[in-house]
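J.: I am attaching a structure below and will ask some questions about it afterwards.
2 protein chains.
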Amino acid sequence: MTMTTLPIQVQLTETKKPKPDSETLEFGRVFTDHMFIADYTEGQGWHDHRIVPYAPLSLDPASIIFHYGQTVFEGLKAYSSEDGVIRLFRPEENMKRMNLSSDRLCMPQIDEELALSGLLQLIEIDKDWIPNAEGTSLYIRPFIISTEKFLGVAPSRSYRFMIILSPVGSYYKEGIHPIKIKVESDYVRAVSGGTGTAKTAGNYASALKAQQVADAQGYSQVLWLDGVERKYVEEVGSMNIFFKINGEIITPAVNGSILEGITRKSILELLRHWEFPVTERKVSMDEISSAYENGQLEEIFGTGTAAVISPVGELNWKGEKMVVNNMEIGALSKKIYDTLTGIQTGKVKDPFDWVIELNQNLVKQL
Amino acid sequence: MTMTTLPIQVQLTETKKPKPDSETLEFGRVFTDHMFIADYTEGQGWHDHRIVPYAPLSLDPASIIFHYGQTVFEGLKAYSSEDGVIRLFRPEENMKRMNLSSDRLCMPQIDEELALSGLLQLIEIDKDWIPNAEGTSLYIRPFIISTEKFLGVAPSRSYRFMIILSPVGSYYKEGIHPIKIKVESDYVRAVSGGTGTAKTAGNYASALKAQQVADAQGYSQVLWLDGVERKYVEEVGSMNIFFKINGEIITPAVNGSILEGITRKSILELLRHWEFPVTERKVSMDEISSAYENGQLEEIFGTGTAAVISPVGELNWKGEKMVVNNMEIGALSKKIYDTLTGIQTGKVKDPFDWVIELNQNLVKQL
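Here is the structure:
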């Protein structure tokens, strides 16, 4: 990957914040010293790309973001390893997806190369914030908000693109324990024709209620079904989902309502590289239930940036409890987890050219 | 209606802004001198209710509102009339609905009386901003945003409730002209199990795309169909919809995906008061098309706070163009419009006790 040198103004902070303890880090509560910003104005395009000290935003109360939710975001991670190299996992895929999301939300396209260049410079500046403890990483949140001061329901004529960074703890501090999932019968995440394929705020706001109900019933996530027939599997929480049934891996096909995860895509590529039988298609809960009864439901796991692999140990479908692999992580789930996290941290060879090594790239461009 | 006296701190501005010309006012671009604010903190509840000078908000870039869209809003109007009385139309219904929306979005309930009291005080302070020209009004926007600095997908532990005011021009500056509507076949606004019944940002963000496509085809709004069978009528743009077929008024029944409009509700009450035949039920596009072919499709109109009544002159369903009432406003549509706007501005007697007269109420409470 080549990067063009582009004009990003840099203003460094004069008061560096104390860094948190790597061992006690949570998710998404602490942010680094700087942030990347670019502004968009209709007729002018994106302008004033800059890295500045992390600080509050000042926005008019009538800004469209507060009322009509015209916004998109992304999530990815940078990893610091024993070899001193900082690695990013397929960041160009995030920038590409952000543009797809923006298109659905009637928002302007970003220059993906420039955004990536800004991200790499930002990480270089705040690299001391990348935690070192096993499983920790620097979470990266690019997002675009609509900033026009207008209460009419119409696409904004101005936007702000930002990237903020947050050192985050290990998702599996106490080892990988499979989670218990409730199959959601009342609430729907998304329907074909809606915004389910876009990474946009409204999808997450609407999911809170089902999550709250499931929590109270002792389930840590919900499994979403399609909004039309309420029988086909879509996603689990905010992850994609994979089933291992009778020696084959099956994941719901991209259908206009599920989010096309980058971890999902990478796992499909990895499985095909291994020549492991894998299919993308519709998967109904009836099929899952039958496979369970026949003893063929071997493994279930969610996939996403935060956990990489999140094994599912129990599925509750209208009161029917299916216990998967004795509530233990499956052998294939474990192998995928080890391989992907190994590639991300440089411990396993990357045959796909997925990883960007930060230092190397900065040498090229700065 | 009685109001309790409650402690709302008031800080008046020292620099009043110039007021816009009533004749050239647009919608939602100009705001008054003050705003109402209350803050919510988990464990403490709502606190610091205050009226302060209108000013930008300062929010951390990691605030939940920017990422996951946990927010609700309302829209209503205050009218200034020749008799010098300021009137509000059923504002308690807006506060009630805001709490219903908040429940769907896992947000805390507001004290409806206190919010209404704050609104009335705010209007009293900024009453010189209420425009006088025919058809103009003061648009009122209550909204609640999630303010916790956290990237986890979970309900926020802090919120800000605000009310801002905007003097707005007449919706029908050049008389009432029926609009052309495209029946939407590709995009879906909401589905049962989603957030369609809540007044929340994501519903509006997701609607932008279909609106943009319709605009380009010469249609000013889209008519949304249900997301499951794609055959039943839901809403038009961000309005509810009514059909007059063979002497009867029919509107889609509340079904878990349409917004329960206050104008919709008022029109149903008005029609029943008139003993006009009216039904809330499922309405399919096939039925509308048949009625059109039989010459029984007499009137169509959208209903909402902005336009009150928006007559539909043409419906385009998959290329079939149905021209309604020769592109002229129907007699019943006109009668409903005149009655409702008459009640709102005090020109027509209000037999329903819908209108709150501001001055009277403030005497009671201040």
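Protein sequence lines, in the order shown, are assigned to chains A and B. Numbered as in the numbering used here, the first sequence ends at 371 without a single skipped number. Numbered as in the numbering used here, the second sequence ends at 371 without a single skipped number. Every residue gets a Cβ at the ideal spot worked out from N, C-alpha and C, and that includes glycine. Everything numeric in this text was worked out from a predicted model, so none of it was measured.
1) Just verifying my parser: in three-state terms, what is the DSSP assignment at Gly-201/A?
2) Would you tell me roughly how many angstroms separate the C-alpha atoms of Glu-139/B and Pro-25/B, rounded to the nearest one?
3) Under 7 Å Cβ-Cβ, which residues of chain A neighbour Arg-146/B?
4) Since Arg-92/A is in the beta strand (DSSP E), which residue starts that stretch and which ends it?
5) Just grab the DSSP bridge partners of Met-244/B for me.
6) Anything in chain B within Cβ reach of His-72/A, meaning under 8 Å, just list it in chain order.
7) Using a Cβ-Cβ cut-off of 9 Å, state whether Glu-167/A counts as contacting chain B.
8) With distances taken Cα to Cα, identify the nearest neighbour of Pro-172/A among Val-233/B, Ile-168/B and Phe-155/B.
9) Would you grab the beta carbon distance between Gln-222/B and Lys-187/B for me? Rounded to a whole angstrom, and I think it's under 8 Å.
10) By alpha-carbon positions, which one of Lys-132/A, His-54/A and Ile-341/A ends up nearest to Val-353/A?
11) Got a sec: does the ligand SAM put a non-hydrogen atom nearer than 8 Å to the Cβ of Ala-215/A?
12) Starting from Ser-171/A, find everything on chain B with Cβ-Cβ shorter than 7 Å and list it in chain order.
13) Please confirm if Gln-114/B has its CB atom under 9 Å from at least one CB of chain A.
14) Of the residues Gly-300/A, Ser-190/A and Leu-64/A, which one's Cα is nearest the Cα of Ser-163/A?
15) Within the 9 Å Cβ cut-off, does Arg-34/A reach chain B?
16) Compute the distance between the beta-carbons of Ala-206/A and Ala-195/B, then report whether it is under 9 Å.
17) Measuring alpha carbon to alpha carbon, tell me which of Val-90/A, Leu-302/A and Ile-115/A ends up nearest Asp-133/A.
18) Does any residue of chain A bring its CB to less than 9 Å from the CB of Val-188/B?
19) Mind checking Arg-286/A: buried by the 16 CB within 10 Å criterion, or exposed?
20) Out of curiosity, what's the CA-to-CA distance linking Gly-347/A and Arg-165/B?
21) Tell me, please, whether the CB atom of Met-100/B is closer than 9 Å to any CB atom in chain A?
22) Using CA coordinates, which residue listed in Asp-355/B, Thr-152/B, Ala-219/B and Glu-97/B is at the minimum distance from Phe-71/B?
23) Taking 7 Å as the limit between beta carbons, can you name the residues of its chain near Asn-364/A, skipping five residues before and five after?
24) If you measure beta-carbon to beta-carbon, which residues of the region 227–246 of chain B are closer than 7 Å to chain A?
25) Kindly list the residues whose CB is nearer than 6 Å to the CB of Ala-215/B, restricted to its own chain and excluding five residues on each side of it in sequence; keep chain order.
26) Which bits of chain A does Gly-198/B rub up against, with CB to CB less than 7 Å?
27) If you compare alpha carbons, which of Pro-113/A, Asn-245/A and Pro-61/A is closest to Leu-230/A?
28) According to the neighbour-count rule (16 or more other Cβ atoms, all chains shown, within 10 Å of its Cβ), is Arg-277/A buried or exposed?
29) Would you say Lys-214/A faces chain B, with C-beta separation under 9 Å as the test?
30) Note down, in chain order, every chain A residue with its Cβ under 7 Å from the Cβ of Asp-65/B.
31) Within 10 angstroms of its Cβ, does His-52/A collect 16 or more other Cβ (buried), or is it exposed?
32) Helix, strand or coil, according to DSSP, for Met-6/B in the structure here?
33) Helix, strand or coil for Gln-14/B per DSSP?
34) Express the C-alpha separation of Leu-273/B and Asn-321/A in angstroms, rounding to a whole number.
35) Below 6 Å CB to CB, which residues in the same chain sit around Phe-2/A once its five sequence neighbours on both sides are set aside?
36) Please decide whether Ile-269/B counts as near chain A, where near means a Cβ-Cβ distance under 9 Å.
T.: Taking the structure as given:
1) coil
2) 15 Å
3) In chain order, Leu-156 make up the part of chain A whose C-beta sits under 7 Å from the C-beta of Arg-146/B.
4) 91–94
5) Val-241/B
6) Thr-76, Phe-78, Arg-146, Phe-148, Ala-206 and Tyr-209
7) According to the sequence shown, residue 167/A is Met rather than Glu. Yes, Met-167/A lies at the interface with chain B (some Cβ there is under 9 Å from its Cβ).
8) Phe-155/B
9) 6 Å
10) Ile-341/A
11) The ligand SAM is absent from the structure shown, which contains no ligand whatsoever.
12) What Ser-171/A touches in chain B: Leu-156.
13) Not an interface residue.
14) Leu-64/A
15) yes
16) no
17) The residue with the shortest Cα to Cα distance from Asp-133/A is Val-90/A.
18) no
19) Arg-286/A counts as exposed, since fewer than 16 other beta carbons sit within 10 angstroms of its beta carbon.
20) 43 Å
21) no
22) Of Asp-355/B, Thr-152/B, Ala-219/B and Glu-97/B, the residue nearest in Cα terms is Thr-152/B.
23) Excluding its 5 nearest sequence neighbours in each direction, Asn-364/A has C-beta neighbours in its own chain below 7 Å: Val-90 and Ile-91, listed in chain order.
24) Gly-232, Val-233 and Ser-243
25) Glu-189, Tyr-192 and Val-227
26) Asp-191, Tyr-192, Val-193 and Gly-232
27) Checking every option, the nearest Cα to that of Leu-230/A belongs to Asn-245/A.
28) exposed
29) yes
30) Pro-61
31) exposed
32) With a pLDDT of only 41 at Met-6/B, under the threshold of 50, the placement of this residue in the model should not be trusted; the figure read from the coordinates follows. Met-6/B: coil per DSSP, three-state reduction.
33) strand
34) Here the alpha carbons of Leu-273/B and Asn-321/A stand approximately 43 Å from one another.
35) For residue 2/A there is no data in the structure shown, the boundaries of chain A being 6 and 371.
36) The amino acid occupying residue 269/B in the given sequence is Arg; Ile does not appear at that position. It does not; no Cβ of chain A falls within 9 Å.
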